[in-house]
Structure formats: C-alpha cells, structure tokens
Amino acid sequence: MAPTSPAHSQATSLSNPGRATVPLAERPRSSSMGSEDGTKGLTENGIDDLRDLLADIRTWDGGIRQFLVDEQCDLEMIERVMADEVKRVL
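In this text, residue positions in the sequence shown follow the working numbering: the first is 29, and each later residue adds one.
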C-alpha cells in the first residue's frame, strides 16, 4: 500500500523491527492531524493503518510490551494496555 500522508509514511516506517526507534513524543507531528479545537479524528485509512501497525508490532520480539517500553510509556499505561491485550486474545 502506498503512503497516503506524512503520518502514514512515518507509521509505516516504524514497522521495521530491529532499527532504532524515536519515542513518539519526539516525533514530528503533522499540523493536519488535529482540528482547531484540539480534537483529533482518524480517517478509515488511518484506523486500518493503526491496526496494521499493531498487528506488525505484535510479531516483534517482546511485542507490544517492548514497544511501549521503548516508547518510554509509564508503567501504569503499559499494564493497562497489556490487560487489554490479554482480553483481546481470549
């Protein structure tokens, strides 16, 4: 699938396991990602791209937990996400 936006290109480039990653907080953000009132929305393609990225991350060594650690997420968030991951596979 060809990239459709800078954000898509960036998310797609993250699906290369084994390369150094830059924490999400340090990545450039597109000004088109949010509206003037600060709310954000995703297009159908954006949601599909996120699902594809998560599916890819789940195949990496350490999976989602390691990805979140690498992204410097706080422990509480990691535990919440991992609890949801357990529910997802049940």
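Yeah, the Cβ is synthetic: ideal placement off N, Cα and C, and Gly gets one too.
Are there any heavy atoms of the ligand ATP lying less than 7 Å away from the beta-carbon of residue i, as far as the coordinates show?
{"i": "Leu82", "result": "The model depicted lacks the ligand ATP and carries no ligand whatsoever."}
Chain D beta carbons: is any one of them nearer than 8 Å to that of residue i?
{"i": "Glu72", "result": "In summary, chain D is missing from the structure at hand, where a single protein chain is found."}
Specify, as a first and last residue, the run of the alpha helix (DSSP H) that residue i falls within.
{"i": "Gly90", "result": "That residue, Gly90, is in no alpha helix (DSSP H); it is neither H nor E in DSSP."}
{"i": "Glu107", "result": "Leu103 to Val117"}
{"i": "Glu72", "result": "Glu72 to Arg86"}
With distances taken between CB atoms, is the gap from residue i to residue j smaller than 8 Å?
{"i": "Ile106", "j": "Val117", "result": "no"}
Three-pair Cβ contact test at 8 Å for the region 92-99 versus the region 108-116: Segment contact: the region 92-99 against the region 108-116, three or more CB-CB distances shorter than 8 Å; contact assigned.
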